[in-house]
């Protein structure tokens with residue numbers, strides 16, 4: 689069974705601060721995705737990383753896939769109140785048909 | 074923008090009753106999925122479906138669960154005899170690609186409460 693451990697579970701910071709969310713596993717994933725989920729809605733895809741060592745940037749968000757494809761991180765620079773929400777990492781195993789393994793999520797609160 | 078729609082948004086049922094949750098995937102998608110999220114827990118994979126058959130299912134997806142694509146647009150999840158522990162948010166998703174790094178588009182979820 690593949691597991692993804694996401695940390696921290698809760699993060700409360702002031703506007704303008706930087707933060708990093710981590711997603712770790714002992715298993716190798718063929719790709720890893722980060723989602724954002726708003727209350728009462730389904731997860732919405734932010735990014736997919738596929739290659740070990742890959743770094744992707746989405747405005748103030750930087751996503752990294754570990755060299756061994758077992759871990760990933762999400763870094764937000766100069767956080768804004770609009771970044772507040774639940775962030776989820778999820779990984780695809782090598783042979784799965786859409787079977788995503790999700791981390792437990794990080795609830796981010798950015799205070800003005 | 075195309076989206077996955079789910080009905081009902083919330084269903085309350087008595088233990089032992091049958092429940093059908095409905096989903097309309099994005100029209101040109103070929104792969105369909107059900108996930109669930111028990112309150113305070115991780116989102117969990119239940120089942121994937123392609124070409125009118127189950128591609129993969131988790132250990133959660135036991136004989137009480139079934140999926141069907143009764144027509145060209147709907148994708149349903151049936152729980153035959155609900156248990157208290159089936160209370161959760163159920164998410165339907167669809168994708169163009171089946172394997173690997175394809176993007177899954179999730180619906181807003183159906184909250185099932187079993188009393």
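Residue numbers (the working numbering), protein chains in the order written: chain A, 689 to 800; chain B, 74 to 188.
Think of the CB as a built atom: it goes at the ideal place given N, C-alpha and C, for glycine as much as any other residue.
Because the structure is a prediction, the values reported are computed rather than measured.
Residue from A:786, A:795, A:766, A:799 whose Cα sits closest to the Cα of residue 717 of chain A: Position 29 of the first chain, counted from the start, is the residue given in the question as residue 717 of chain A. Of the candidates A:786, A:795, A:766, A:799, the one whose C-alpha sits nearest the C-alpha of residue 717 of chain A is A:786.
Status (buried if at least 16 other CB within 10 Å, exposed otherwise) for residue 799 of chain A: Here residue 799 of chain A refers to the residue found at position 111 when the first chain is read from its first residue. Exposed, since its Cβ has fewer than 16 Cβ neighbours within 10 Å.
Is the segment 753–769 of chain A in contact with the segment 78–93 of chain B, if contact means three or more CB pairs nearer than 8 angstroms? no
Reference residue 178 of chain B, options B:108, B:153, B:159, closest by Cα: Reading the second chain from its first residue, position 105 is the one you call residue 178 of chain B. Selected option, being the one with the closest Cα: B:108.
Among residues of its own chain, excluding the 5 on either side of residue 163 of chain B, which ones have a beta-carbon nearer than 7 angstroms to its beta-carbon? Here residue 163 of chain B corresponds to residue number 90 of the second chain, with the count starting at 1. Closer than 7 angstroms at Cβ, skipping near neighbours: 94, 107, 109, 150, 182, 183, 185.
Of the residues that make up the segment 692–707 of chain A, which ones have a beta carbon closer than 7 angstroms to any beta carbon in chain B? none
Return the bridge partner residues of residue 693 of chain A from the DSSP annotation. Counting from one through the first chain, the residue named residue 693 of chain A turns up at place 5. Note: residue 693 of chain A sits in a beta bridge opposite A:712.
Taking the straight line between their C-alpha atoms, what separation do you get for residue 124 of chain B and residue 145 of chain B? On the second chain, position 51 is the one that residue 124 of chain B refers to. On the second chain, position 72 is the one that residue 145 of chain B refers to. Residue 124 of chain B and residue 145 of chain B: Cα-Cα distance of roughly 11 angstroms.
With distance defined between alpha-carbon atoms, name the residue in A:741, A:692, A:725 nearest to residue 775 of chain A. Translated into positions along the first chain, residue 775 of chain A becomes position 87. The candidate whose alpha carbon is nearest that of residue 775 of chain A is A:725.
Exposed or buried, what is residue 114 of chain B when buried is set at 16 or more other beta-carbons lying within 10 Å of its beta-carbon? In the second chain, the residue the question calls residue 114 of chain B occupies position 41. Its Cβ having fewer than 16 others within 10 Å, residue 114 of chain B is exposed.
The beta strand (DSSP E) that contains residue 185 of chain B, what's its start and end? On the second chain, position 112 is the one that residue 185 of chain B refers to. Where residue 185 of chain B is concerned, the enclosing beta strand (DSSP E) stretches over 183–187.
Rounded C-alpha distance that separates residue 189 of chain B from residue 747 of chain A: As displayed, chain B neither begins before 74 nor continues past 188, which places residue 189 of chain B out of reach and without an answer.
Helix or strand or just coil, what does DSSP make of residue 158 of chain B? On the second chain, position 85 is the one that residue 158 of chain B refers to. Looking at residue 158 of chain B - three-state DSSP - the assignment turns out to be helix.
The beta strand (DSSP E) with residue 129 of chain B in it runs from where to where? One-based indexing of the second chain puts residue 129 of chain B at position 56. Residue 129 of chain B -> beta strand (DSSP E) spans 126–130.
Amino acids of chain A, ordered along the chain, whose beta-carbon sits closer than 8 angstroms to that of residue 148 of chain B: For the purposes of this step, residue 148 of chain B is taken as residue 75 along the second chain, with counting starting at 1. Those do not exist, as residue 148 of chain B stays about 13 angstroms from chain A at its closest Cβ, beyond 8 angstroms.
Just the chain B side, please: which residues come within less than 9 angstroms of residue 733 of chain A by C-beta, in chain order? As a working note, residue 733 of chain A is residue 45 in the first chain. Simply 176, 177, 178, 179.
Is it the case that the Cβ atoms of residue 126 of chain B and residue 733 of chain A are separated by a distance below 9 angstroms? Here residue 126 of chain B refers to the residue found at position 53 when the second chain is read from its first residue. Here residue 733 of chain A refers to the residue found at position 45 when the first chain is read from its first residue. No, the Cβ-Cβ distance between residue 126 of chain B and residue 733 of chain A is not below 9 angstroms.
Consider the Cβ of residue 161 of chain B: report whether some Cβ of chain A lies at a distance smaller than 9 angstroms. In the second chain, counting from the first residue as 1, residue 161 of chain B sits at position 88. Not an interface residue.
Tell me which same chain residues have a C-beta within less than 7 angstroms of the C-beta of residue 156 of chain B, skipping the five on either side of it? Counting from one through the second chain, the residue named residue 156 of chain B turns up at place 83. Taken in chain order, the residues that qualify are 88, 187.
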